[in-house]
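To start, the structure itself, in structure tokens.
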Amino acid sequence: SQTIHQWPATLVQPVGSPLSLECTVEGTSNPNLYWYRQAAGRGLQLLFYSVGIGQISSEVPQNLSASRPQDRQFILSSKKLLLSDSGFYLCASRTGAANEKLFFGSGTQLSVL
Amino acid sequence: GENVEQHPSTLSVQEGDSAVIKCTYSDSASNYFPWYKQELGKRPQLIIDIRSNVGEKKDQRIAVTLNKTAKHFSLHITETQPEDSAVYFCAASDTGGFKTIFGAGTRLFVKA
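Each protein sequence line maps, in turn, to chains U and V. Remember, the numbering used here sits 23 above the position in the first sequence when you count from 1. Remember, the numbering used here sits 11 above the position in the second sequence when you count from 1.
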């Protein structure tokens, strides 16, 4: 089965600072990759998804961006963090076949102060 | 795009009672409906899923039902136990299987 490595587990950043969260996947090839955000006590909001290297689809306009430099690597970035960027960020992976289940990483708790 | 509504947002039951969580979806072309359980501070994990060609699926104390006509699906947990306490998310997947859209979640408390 797939294993999702996500780091760091916890991050505290000042407003206006940059961000880089990395996610790597093991145990599958050509996965669909996803970034979700979960605000405190809220649901899972889809931010970005990628069906292949260099292919990024954005679901929510914001100051975040995503990149996929390698097949099993997905990066979430920001040039300048906002207070509203605080939340629990989850990377997820799915095999290329439709309707397969999502595997989630362990998440990054981001606090922007 | 797809929109998933989930109710209730909070549910408190006595140990041994049943719990029911309901979801509706907007895109009639969605055909895969997973349910995830998230314990505090941990990643969501799939507990059961159902595809649109099936009306009901059961796995021990957990069952899911799907009404495609009404675009409703529900999670049923019987004989609840304290370890069932968690946040539960329903979700719907679009026809391409690329995106999974989640409901807002239900926080379930099972009182011993």
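Here a beta-carbon is modelled for each residue, glycine too, at the ideal position from N, C-alpha and C. For clarity, every value in this text was computed on a predicted model and none was experimentally measured.
Residues that U/Ser-116 bridges to, as DSSP identifies them: Translated into the one-based positions of the first sequence, residue 116 of chain U becomes position 93. Per DSSP, the beta-bridge partners of U/Ser-116 are U/Leu-56, U/Phe-126.
Report, in whole angstroms, the separation of the C-beta atoms of V/Ala-123 and V/Glu-26, which I expect to be a contact under 8 Å. Residue mapping note: residue 123 of chain V aligns to position 112 of the second sequence, counting from 1. Residue mapping note: residue 26 of chain V aligns to position 15 of the second sequence, counting from 1. Confirmed, Cβ separation roughly 5 Å.
Under 8 Å by Cβ, that's how I've got V/Ile-112 and U/Leu-69 pegged, so tell me the actual separation to the nearest angstrom. To locate residue 112 of chain V, count along the second sequence from 1; it is residue 101. To locate residue 69 of chain U, count along the first sequence from 1; it is residue 46. Going by Cβ atoms, the distance from V/Ile-112 to U/Leu-69 rounds to 7 Å, so yes, they are a contact pair.
Those residues which DSSP pairs with U/Asp-108 across a bridge: On the first sequence, residue 108 of chain U is found 85 positions in, with the first residue counted as 1. As far as DSSP is concerned, U/Asp-108 takes part in no beta bridge.
Can you list, in chain order, the residues of its chain with a C-beta nearer than 7 Å to that of U/Thr-47? Leave out the 5 residues immediately preceding and following it. Working through the first sequence from its first residue, we reach residue 47 of chain U at position 24. Closer than 7 Å at Cβ, skipping near neighbours: His-28, Arg-95, Gln-96.
Taking Cβ-Cβ distances shorter than 8 Å, what residues in chain U pair up with V/Asp-60? As a first step, residue 60 of chain V must be located in the second sequence, where it is residue number 49. In chain order: Lys-124.
Roughly how many angstroms separate the alpha carbons of V/Arg-54 and V/Ile-61, rounded to a whole number? In the second sequence, residue 54 of chain V corresponds to position 43, counting from 1. In the second sequence, residue 61 of chain V corresponds to position 50, counting from 1. Whole-angstrom Cα-Cα distance: 21 Å.
V/Gly-50 - containing beta strand (DSSP E), residue span: Start at 1 with the first residue of the second sequence, and residue 50 of chain V comes out as number 39. With the sequence shown as reference, residue 50 of chain V is identified as Glu, and Gly is not the correct amino acid for it. For V/Glu-50, no beta strand (DSSP E) run applies, since DSSP gives it neither H nor E.
Euclidean distance between Cα positions of U/Ala-155 and U/Ile-79: Missing from the structure shown is residue 155 of chain U; chain U here goes from 24 to 136 and no further.
Going by alpha carbons, who is nearest to V/Ser-39 out of V/His-83, V/Phe-109, V/Phe-120? Here residue 39 of chain V refers to the residue found at position 28 of the second sequence. Closest by alpha carbon: V/His-83.
At 7 Å on the CB atoms, spell out the chain U contacts of V/Ser-54, in chain order. Here residue 54 of chain V is taken as the residue at index 43 of the second sequence, counted from 1. Looking at the sequence itself, residue 54 of chain V is Arg, so the reference to Ser does not match. Neighbours of V/Arg-54 in chain U, taken as residues at a C-beta separation under 7 Å, are given in chain order as Leu-113, Phe-127, Gly-128, Ser-129, Gly-130.
Hey, does V/Ala-111 have any beta-carbon neighbour from chain U nearer than 7 Å? Position 100 of the second sequence holds residue 111 of chain V. It should be pointed out that residue 111 of chain V corresponds to Thr in this sequence rather than to Ala. The beta carbon of V/Thr-111 falls within 7 Å of a beta carbon belonging to chain U, placing the residue at that interface.
Classify U/Gly-128: buried if its beta carbon has 16 or more other beta carbons within 10 angstroms, exposed otherwise. Along the first sequence, one-based indexing puts residue 128 of chain U at 105. Under a 10 Å Cβ-count criterion, U/Gly-128 is classified as buried, with 16 or more other Cβ atoms of the shown protein chains found around its own Cβ.
Tell me whether V/Thr-91 is buried or exposed, calling it buried when 16 or more other Cβ atoms sit within 10 Å of its Cβ. Position 80 of the second sequence, counting from 1, holds the residue named residue 91 of chain V. Using a 10 angstroms sphere on the CB of V/Thr-91, the tally of other CB atoms reaches 16 or more, which defines it as buried.
Can the beta-carbon of U/Phe-126 be found closer than 7 Å to that of U/Gln-25? On the first sequence, position 103 is the one that residue 126 of chain U refers to. On the first sequence, position 2 is the one that residue 25 of chain U refers to. Their beta carbons are under 7 Å apart, which means U/Phe-126 touches U/Gln-25 by this criterion.
Taking the alpha carbon of U/Ser-43 as the point to measure from, which residue in U/Leu-87, U/Gln-61, U/Gly-64 has its own alpha carbon closest? Counted from its first residue, the first sequence places residue 43 of chain U at position 20. Of U/Leu-87, U/Gln-61, U/Gly-64, the residue nearest in Cα terms is U/Leu-87.
Outcome for U/Lys-103 when other beta-carbon atoms lying within 10 angstroms are tallied against a minimum of 16: The count along the first sequence starts at 1 and reaches residue 103 of chain U at position 80. Exposed, since its Cβ has fewer than 16 Cβ neighbours within 10 Å.
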